[in-house]
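Start counting the sequence shown at 2; every next residue gets the next number (our numbering). Cβ atoms here follow ideal geometry from the backbone N, Cα and C, with glycine treated the same way. Here the structure is a predicted model, which means the values were calculated and not measured. Take a look at the structure set out below.
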Amino acid sequence: MSEISSDDRQAMRDSFARLLAERAGDKALREAMATPHGFDEGLWKSMAEMGLLGLMVDPDYGGIGGDAQILEDLMEEAGAHLLCSPFLSTAVMAASLISASTDESVKAELLSSICDGSQIFAIAATGEKGLWSNADISVGARQEKGEWILDGTASFVLHAEKADRLLVFARTDENVRVFVTDPAMETVAFQKLQTNDPTLRLSKISFSTARAQLLPGVDETSIETALDLARVALAGEQAGGVKRIFDLTVDYLKTRYQFGRQIGSYQSLKHIAADMLIEVESAASAARHAAKMLATGSPEAKAFVSLAAFACADAYRDVSAQAIQLHGGIAYTWEHPAHLYWRRARTGLWLFGSSDQHREEYLTCLEAA
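Structure follows, in structure tokens:
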């Protein structure tokens, strides 16, 4: 568990919220998602200067030694502002995987590059089905003349086109391992994938006898830990997003008048808003509790991560859809932000595993207990 105090956690969250309010408002968001790489590189550098990119990195390697709880706190702010950046792939998953390595020289080089924002990492972790599990890894690794060679395809890779390094989950003769490779090699081919969410960049990557470096010490347990950390981060982002779209909707119900009457005064709309609030509070509770369980190393962490993963995703989907209905026709326009929250919510239904997968995993944990 991190030694960062609760006061320092709150101070970091407040600072991050101010940065996003200044640099990631609606206008800045739309400008960022229209760029070729889908994020604001200036904001990325500012996040590095604040130490946020080294959030999950040990202080010995230039980070601040945070844990799942402080990560979840910050991701609520990121979700509220619809932050589009390679934070999940670089500062969460890559940082977790590299930290698990037993090669100190590799850790020192790669972790420091994450902390200072000089390198962006993409994670090739799943195949065409997007299951985010070992069963869906279709990249194979073999040794040839003392070098590791990768062949196969990975899909749904986040922010790969701007990545300086790729971390690839690949099958060896024995198990699944993680490899580091250079995306600029001719043996690595990229294909853009179309998404409904303009704030997200996804790619399909093909490897054809691509040379790679094994990340020693990183095994299937390390992979699952990194994925669980990413799921908690995503749950926090969803909890923050669902709270913000709910607040926007309530403000609209209070200020919109029709036929001389405030529409929020209608009993039927009050009931809908009350149901939405339950979803909002439930999502926040699930995400925060999962983060606490993961940070403390609880044996129940896996169950609560799965619970948060499907509860937050489903709440975000339902509340964002209801918000559009309550806003009426204006929410269907490109200029209004409601549809952007709905699009982000739809993405979260399958990222790092679907709601149905997480629900089954949760039930499996309950049965085992």
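Check the DSSP bridge columns for residue i and list the partner residues they point to.
i	result
Pro-143	Note that residue 143 is Arg in the sequence shown here, rather than Pro. Note: Arg-143 sits in a beta bridge opposite Ile-150.
Gln-192	Lys-205
Leu-167	Ala-123, Thr-182
Ser-156	Thr-127
Arg-172	Gly-141, Val-177
Residue i: which of the options sits nearest, CA to CA?
i	options	result
Arg-232	Leu-308, Asp-41, Ile-121	Leu-308
Ala-211	Ala-285, Leu-168, His-359, Val-107	Leu-168
Gly-63	Asp-315, Ala-96, Thr-250	Ala-96
Met-243	Ala-324, Leu-352, Trp-149	Met is not the amino acid found at residue 243; the sequence shown has Val there. It is Ala-324.
Thr-182	Asn-176, Phe-191, Asp-165, Glu-175	Asp-165
Glu-221	Asn-135, His-272, Met-48, Ser-139	Asn-135
Gly-131	Gln-358, Pro-87, Thr-365	Gln-358
Thr-188	Asn-197, Pro-199, Ala-213	Ala-213
Arg-10	Met-186, Thr-196, Met-34, Asp-68	Asp-68
Arg-344	Leu-278, Asn-197, Ala-125, Ile-279	Asn-197
Arg-172	Gly-218, Ser-106, Phe-260, Ile-138	Ile-138
Trp-335	Asp-27, Asp-8, Ala-18, Leu-21	Asp-27
Ile-115	Ala-190, Ile-150, Leu-56, Thr-154	Leu-56
Trp-90	Ala-109, Gly-118, Ser-106, Ile-264	Looking at the sequence shown, residue 90 is not Trp but Ser. Ranking Ala-109, Gly-118, Ser-106, Ile-264 by Cα distance to Ser-90 puts Gly-118 first.
Gly-52	Leu-83, Phe-88, Gly-80, Thr-36	Phe-88
Ala-285	Ala-125, Leu-327, Ala-236	Ala-236
Tyr-342	Phe-247, Trp-133, Ile-121, Phe-17	Phe-247
Cys-313	Tyr-253, Glu-238, Cys-366	Glu-238
Thr-36	Ala-346, Ala-291, Ile-331, Pro-199	Pro-199
Phe-305	Asp-315, Ala-316, Tyr-317, Ala-292	Ala-292
Leu-270	Phe-191, Gly-329, Lys-205	Gly-329
Ala-274	Ala-190, Leu-249, Glu-361	Leu-249
Ser-209	Leu-215, Asp-174, Val-140	Val-140
Phe-157	Ser-16, Trp-133, Ala-234, Val-281	Trp-133
Ser-207	Asp-152, Leu-215, Ser-6, His-160	Asp-152
Gly-241	Ala-316, Ser-7, Ser-47, Ser-3	Ala-316
Ala-234	His-290, Val-251, Gln-192	His-290
Specify, as a first and last residue, the run of the beta strand (DSSP E) that residue i falls within.
i	result
Ala-332	Element bounds for Ala-332: n/a, residue is neither H nor E.
Thr-182	177-182
Give the range of the alpha helix (DSSP H) segment to which residue i is assigned.
i	result
Phe-17	7-24
Met-34	27-34
Tyr-62	Neither: Tyr-62 is in no alpha helix (DSSP H) and is coded neither H nor E.
His-340	339-348
Leu-98	96-100
Ser-356	356-369
Leu-44	42-50
Leu-72	69-81
Val-107	105-116
Given a threshold of 16 other Cβ atoms within 10 Å of its Cβ, counted over all protein chains shown, does residue i qualify as buried or as exposed?
i	result
Thr-256	exposed
His-340	buried
Tyr-333	exposed
Glu-148	exposed
Asp-61	exposed
Gly-43	exposed
Ser-102	buried
Ala-25	buried
Asp-229	buried
Lys-303	buried
Thr-224	Reading off the sequence shown, one finds Ile at residue 224, where the question assumed Thr. Buried is the call here.
Ile-279	exposed
Arg-19	exposed
Ala-81	buried
Gln-70	buried
Pro-184	buried
Asp-276	exposed
Ile-121	buried
Asp-41	buried
Leu-84	buried
Phe-17	buried
Thr-297	exposed
Quick one: complete alpha helix (DSSP H) runs, 4+ long, within the region 207-286?
221-256
Segments of 4+ residues assigned as alpha helix (DSSP H) that fall wholly inside the region 289-313:
none
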